[in-house]
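For the record, in the sequence shown the residue sitting at position 71 is 439 according to my numbering, with numbers rising by one throughout. Heads up, the beta-carbon is just placed ideally off N, CA and C, and yes, glycines get one too. Step one of this worksheet: look at the structure below.
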Amino acid sequence: MNKDRNPGVLWNVLADLCKSIEGFKENLKITFLGFTDYAVTKSLEDEGLLGFTEMVKYLPHKEVLQKAKKASILLLPLNNTPNVNGIIPGKLFEYLALKCPIFCIGDVHGDSSRIIDETKSGVTVDFDDGVGMRKYFLEKYKGFKSTEGFIVESVGTEKYSRKALTERMAALLDRITEES
């Protein structure tokens with residue numbers, strides 16, 4: 369995670385939940401797979417969350433996906449930039465295939481949010497929506513403590529698979545070249 373995607377509001381919310389909800393901190397584990405910028409680590413430290421954090425600097429891609437598949441919630445922070453509406457990171461497509469709940473921080477009206485909503489794969493909250501973040505994590509924690517767990521019943525994710533998207537692109541290219 370680079371410093372441009374560092375979700376400071378989320379770290380603040382999680383720190384508050386650790387202080388205010390009995391048992392929350394005992395069940396919190398934040399795992400980063402891959403490079404994590406110092407600014408992110410510093411934010412976690414400032415919020416008192418570093419003790420709940422695992423940093424895995426490098427794993428082969430296949431192992432990253434296997435470890436991510438075991439996550440209760442997959443975090444997808446987007447860059448807070450003027451063109452965020454059209455940003456669809458490749459990680460979103462990997463997350464859809466994993467069928468774990470996606471927690472996206474970004475523009476709630478953007479393309480990434482639309483795909484997450486369409487596939488019922490998770491939720492998107494705005495960059496500064498601490499109330500929405502708190503509500504989401506409280507709801508998920510209650511599910512975790514009950515027999516529900518972290519359930520996601522995504523639908524239609526297959527149309528976003530590499531195979532399906534490649535087929536659509538190939539068909540588009542075929543149409544373009546036939547028209548020329």
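What number of angstroms, rounded off, separates the C-alpha of residue i from the C-alpha of residue j?
{"i": "Val452", "j": "Gly474", "result": "7 Å"}
{"i": "Ala372", "j": "Pro457", "result": "At residue 372 the sequence reads Asp, which differs from the Ala that was named. Answer to the nearest angstrom: the Cα atoms are 14 Å apart."}
{"i": "Asn395", "j": "Ser529", "result": "32 Å"}
{"i": "Val424", "j": "Ala538", "result": "37 Å"}
{"i": "Asp497", "j": "Lys430", "result": "33 Å"}
{"i": "Gly500", "j": "Val491", "result": "10 Å"}
{"i": "Gly376", "j": "Gly478", "result": "20 Å"}
{"i": "Ile398", "j": "Glu422", "result": "6 Å"}
Restricting to Cα atoms, I'd like to know which of the options is closest to residue i.
{"i": "Leu382", "options": "Pro469, Phe420, Leu541, Glu546", "result": "Phe420"}
{"i": "Leu427", "options": "Phe400, Pro445, Cys468", "result": "Phe400"}
{"i": "Ser522", "options": "Ile484, Pro445, Leu506", "result": "Ile484"}
{"i": "Met369", "options": "Arg502, Gln434, Arg536, Leu443", "result": "Leu443"}
{"i": "Lys527", "options": "Lys510, Glu462, Tyr509, Asp542", "result": "Glu462"}
{"i": "Phe392", "options": "Cys468, Phe512, Leu540, Pro445", "result": "Phe512"}
If contacts are defined as beta-carbon pairs under 8 Å, then residue i and residue j qualify, I think. What distance do you get, rounded to the angstrom?
{"i": "Thr534", "j": "Ala465", "result": "About 14 Å; that fails the 8 Å criterion."}
{"i": "Asn374", "j": "Ser411", "result": "6 Å"}
Subject >> Complete beta strand (DSSP E) runs within the stretch 419 to 477 (minimum length 3 residues, chain order) >> reply: 421 to 424, 442 to 445, 470 to 473
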